[in-house]
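Below is one structure, written out as structure tokens; the observations come after it.
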Amino acid sequence: MVRGRIAAPSVLPGFGLTFGFTAFFLSAVILLPLAALVIRALEIPPGELLRLLADERALASYRLSFGAAGLAAAINAIFGFVVAWSLVRYDFPGRRLLDTMIDLPFALPTAVSGIALVTVFSPGGWLGGPLALAGVEVAYTRLGVVVALVLIGLPFVVRSVQPALVEVHRDLEDAAESLGAGGFAVFRRIILPTVLPALATGFTLAFARGIGEYGSIVFISGNLPFETEITPLLIVTRLEQFDYAGAAALGFFMLATSFVMLLAINAVQGWGQRRLGLGAGR
Amino acid sequence: MTRGARAARIALLAISFGFLGLLLIAPLGAVLAQAFASGFGGWLSSLADPDTVASIRLTLLTAAIVVPVNTLFGIAAAWAVARFEFRGKSLLVTLIDLPLAISPVVAGLVLVFLFGAHGWFGGWLIERGFSVIFAVPGIVLATIFISFPYVARELIPLMQQQGSDDEVAALSLGARPWTSFVRITLPKIRWGLLYGVILCNARVMGEFGAVSVVSGHIRGLTNTMPLQVEILYNEYDFVAAFAVASLLALLAILTLVAKTLVEWRSRTAGR
């Protein structure tokens with residue numbers, strides 16, 4: 084690269100125009116607004132900022148947001164793996180349709196998912212009725228938050244695991260089986276090690292999305308402070324009460340969490356690439 | 492197939508169908524069942540409500556502004572990132588993906604701190620009679636924020652993989668840059684571009700959290716379709732809420748169909 088130039092020389096035109104537009108637009112639309120939030124939060128005296136962040140109600144909301152997102156991502160890691168396995172390994176009527184449906188949570192507006200889930204899981208609903216008889220309440224409980232996040236996170240896990248499952252060497256499985264390995268041993272020793280990085284990526288993506296999710300949760304959770312109030316909802320509440328410092332503090336915390344999650348996703352993907360690269364060299 | 496493998500297959504397929512049935516099919520069915528609970532006439536008259544019509548119009552207007560803007564940005568960003576080597580490239584790519592990692596509520600909140608009555612520019616703008624927060628410009632900006640990466644994310648890997656040999660050949664034979672772009676680059680990326688635009692549009696029309704923070708929920712003025720669903724639902728007007736929701740569900744299904752078609756076309760076109 085030539086010193087003093089931003090870009091390496093190229094015969095292709097348009098670097099100045101496209102890079103300039105990209106950088107300007109990104110700064111104006113994303114970075115400037117984010118800077119406004121960060122500066123607003125850091126204007127709060129440190130002691131006060133800490134008090135706002137460690138407030139009992141805020142702590143309860145973190146526990147719910149992180150706990151429910153983690154639990155939902157774990158459920159998705161298990162069931163998402165089974166679904167991805169079914170789609171990759173088995174041929175059955177409706178497979179293409181089912182494969183397309185996996186992306187429904189991406190395409191369906193979150194508010195629609197939200198009211199649809201309440202309708203299905205409320206005590207008068209198709210599933211809520213039978214579940215209520217069994218003593219399980221989903222709507223307006225923490226369990227409802229988990230159910231909504233399982234819906235939202237599902238495509239992240241399935242879409243991460245599917246390509247990795249295609250890569251598993253079938254001949255290794257066959258060899259292991261011919262040497263007398265049982266189904267579980269093949270799964271644990273051959274399939275899982277190959278798919279683990281993709282599963283970890285899917286888990287992290289689903290977890291990251293779950294922490295920030297709002298639309299699909301607010302309808303089913305009931306929004307009780309200390310009980311079923313997620314952090315994004317608490318931000319909205321603070322804002323509606325004109326408590327700008329409180330909203331800024333929590334927003335700052337959520338933004339910092341987003342950066343940590345981005346780093347975590349990069350770390351997991353890097354780990355996966357190193358791991359698979361190593362496996363191929365052995 | 493051994494007996495054990497056959498049993499495993501049946502069990503795993505049953506789990507998959509059960510899980511997806513509970514999680515995807517049942518809620519989608521519930522939306523449609525509720526929307527048509529008082530017949531087709533009830534569905535239609537719910538949608539004819541003036542505030543609902545206004546919300547549909549606002550959602551279409553927002554998409555008509557945001558999708559082209561983000562498409563233009565996506566093409567420019569992909570050209571810069573995929574065709575040139577420059578310092579800070581990986582940082583730029585990370586920043587483009589950033590909105591996907593940020594809570595929609597935070598996306599709305601940052602705009603309040605910029606353009607709200609107490610925000611950096613809000614006071615100045617409001618003195619001059621121009622509102623961003625609790626008005627249409629805020630909705631447009633919030634929607635640009637959250638749907639910003641979709642086109643760029645599809646195009647960057649595609650254009651990196653395709654390389655620039657064709658463009659270099661055209662330029663060395665004397666083609667003008669614009670001609671080379673329109674005649675060579677665009678046809679090569681069209682399916683990926685369409686895919687990105689479809690995903691971007693679905694996110695734009697369906698966005699709830701970010702828009703909810705900046706909209707102010709003023710009936711007939713600043714309610715998009717998802718916000719109209721919320722208001723109607725909270726007023727226990729379930730038939731109307733689900734009627735609007737059914738339109739959004741239809742949009743989601745159309746998005747999936749279009750996405751599948753585009754994936755299929757780009758696979759066959761690639762051969």
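Same order as they appear, the protein sequences are chains C and W.
Every number in our numbering is 83 more than the matching position in the first sequence, counting from 1.
Every number in our numbering is 491 more than the matching position in the second sequence, counting from 1.
For each residue, glycine too, the CB sits at the ideal point set by N, CA and C.
Between the CA atoms of residue j and residue i - distance to the nearest angstrom
{"i": "C:Gly218", "j": "C:Leu142", "result": "29 Å"}
{"i": "C:Ala152", "j": "C:Asp254", "result": "37 Å"}
{"i": "W:Asn725", "j": "C:Ser196", "result": "15 Å"}
{"i": "C:Glu312", "j": "W:Ala608", "result": "27 Å"}
{"i": "C:Leu338", "j": "C:Leu346", "result": "13 Å"}
{"i": "W:Ala760", "j": "W:Gly683", "result": "11 Å"}
{"i": "W:Ala496", "j": "W:Phe508", "result": "18 Å"}
{"i": "W:Ala517", "j": "C:Phe290", "result": "24 Å"}
{"i": "W:Pro628", "j": "C:Asp174", "result": "49 Å"}
{"i": "W:Ile501", "j": "W:Leu738", "result": "36 Å"}
{"i": "C:Pro96", "j": "W:Pro668", "result": "7 Å"}
{"i": "C:Arg34", "j": "C:Leu133", "result": "Residue 34 of chain C falls outside the range modelled here, since chain C spans only 84 to 365, and no answer is possible."}
{"i": "C:Glu294", "j": "W:Phe636", "result": "Residue identity check: residue 294 of chain C is Ile in the sequence provided, not Glu. Cα-Cα distance, rounded: 18 Å."}
{"i": "W:Leu523", "j": "W:Phe733", "result": "7 Å"}
{"i": "W:Glu645", "j": "C:Gly263", "result": "45 Å"}
{"i": "W:Leu612", "j": "W:Val601", "result": "It is Phe, not Leu, that sits at residue 612 of chain W in the sequence shown. Those two C-alpha atoms are separated by around 12 Å."}
{"i": "W:Thr585", "j": "W:Gly579", "result": "10 Å"}
{"i": "W:Thr676", "j": "W:Gln653", "result": "10 Å"}
{"i": "W:Phe527", "j": "W:Trp534", "result": "6 Å"}
8 Å Cβ shell around residue i - same chain, five flanking residues per side excluded
{"i": "C:Leu214", "result": "Phe204, Glu220, Val221"}
{"i": "C:Val278", "result": "Phe164, Val244, Ala247, Leu248, Val251"}
Within-8 Å CB hit, residue i to chain C
{"i": "W:His609", "result": "yes"}
{"i": "W:Gln653", "result": "no"}
{"i": "W:Lys750", "result": "yes"}
{"i": "W:Pro678", "result": "no"}
{"i": "W:Ser594", "result": "yes"}
{"i": "W:Phe510", "result": "yes"}
Own chain residues within Cβ distance below 6 Å of residue i, not counting five before or after
{"i": "C:Pro206", "result": "Ala215"}
{"i": "W:Ile647", "result": "Ala569, Val572, Ala573"}
{"i": "W:Ala731", "result": "Ser537, Leu723"}
{"i": "W:Thr562", "result": "Val642, Val688"}
{"i": "C:Val229", "result": "Ala151, Leu154, Ala155"}
CB contact flag (residue i, residue j, <8 Å)
{"i": "C:Ala190", "j": "W:Ala643", "result": "no"}
{"i": "W:Ile593", "j": "C:Ser341", "result": "yes"}
{"i": "C:Arg292", "j": "C:Ile235", "result": "yes"}
{"i": "C:Thr314", "j": "C:Ser148", "result": "yes"}
{"i": "W:Leu504", "j": "C:Ser169", "result": "yes"}
{"i": "C:Ala350", "j": "C:Ile300", "result": "no"}
{"i": "W:Gly599", "j": "W:Ala554", "result": "no"}
{"i": "W:Gly697", "j": "W:Pro717", "result": "yes"}
{"i": "W:Gly711", "j": "W:Asp542", "result": "yes"}
{"i": "W:Thr746", "j": "W:Ser546", "result": "no"}
{"i": "C:Val233", "j": "W:Leu514", "result": "yes"}
{"i": "C:Pro308", "j": "C:Pro238", "result": "no"}
{"i": "C:Ala194", "j": "W:Phe699", "result": "yes"}
{"i": "C:Ala332", "j": "C:Ala124", "result": "yes"}
{"i": "C:Ile198", "j": "W:Val720", "result": "yes"}
{"i": "W:Pro640", "j": "C:Tyr297", "result": "no"}
{"i": "C:Asp186", "j": "W:Lys750", "result": "yes"}
{"i": "C:Val269", "j": "C:Ala259", "result": "yes"}
{"i": "W:Leu605", "j": "C:Pro116", "result": "yes"}
Any C-beta of chain W under 8 Å from that of residue i
{"i": "C:Arg253", "result": "no"}
{"i": "C:Ser205", "result": "no"}
{"i": "C:Thr284", "result": "no"}
{"i": "C:Ile127", "result": "no"}
{"i": "C:Val85", "result": "Residue placement at C:Val85 is flagged as unreliable, the pLDDT there being 46, under the threshold of 50; the coordinate-derived value follows with that caveat. Not one chain W Cβ lies under 8 Å of C:Val85."}
{"i": "C:Leu214", "result": "no"}
{"i": "C:Ser93", "result": "yes"}
{"i": "C:Trp168", "result": "yes"}
{"i": "C:Asp138", "result": "no"}
{"i": "C:Ser341", "result": "yes"}
{"i": "C:Trp354", "result": "no"}
Residue-chain proximity (residue i, chain B), Cβ-Cβ < 8 Å
{"i": "C:Tyr173", "result": "No chain B appears in this structure, whose protein chains are C and W."}
Residues of its chain near residue i, where Cβ-Cβ distance is below 7 Å and the 5 sequence neighbours each way are ignored
{"i": "W:Ala743", "result": "Ala693"}
{"i": "C:Gly208", "result": "Thr202"}
{"i": "W:Ser671", "result": "Glu658, Ala661, Leu662"}
{"i": "C:Asp182", "result": "Leu170"}
{"i": "W:Val560", "result": "Ile635"}
{"i": "C:Leu136", "result": "Ala332, Phe336"}
{"i": "W:Thr713", "result": "Phe625, Ala626, Val627, Ile630, Ser706, Gly707"}
{"i": "W:Leu591", "result": "Pro640"}
{"i": "C:Leu120", "result": "Ala331, Gly334, Phe335, Leu338"}
Along the chain, which unbroken stretches of the alpha helix (DSSP H) at least 4 residues long are found entirely within the region 115–184 of chain C?
-> 115–125, 129–136, 139–172, 178–184
Which whole runs of the alpha helix (DSSP H) in the region 303–345 of chain C are 4 residues long or more, in chain order?
-> 314–323
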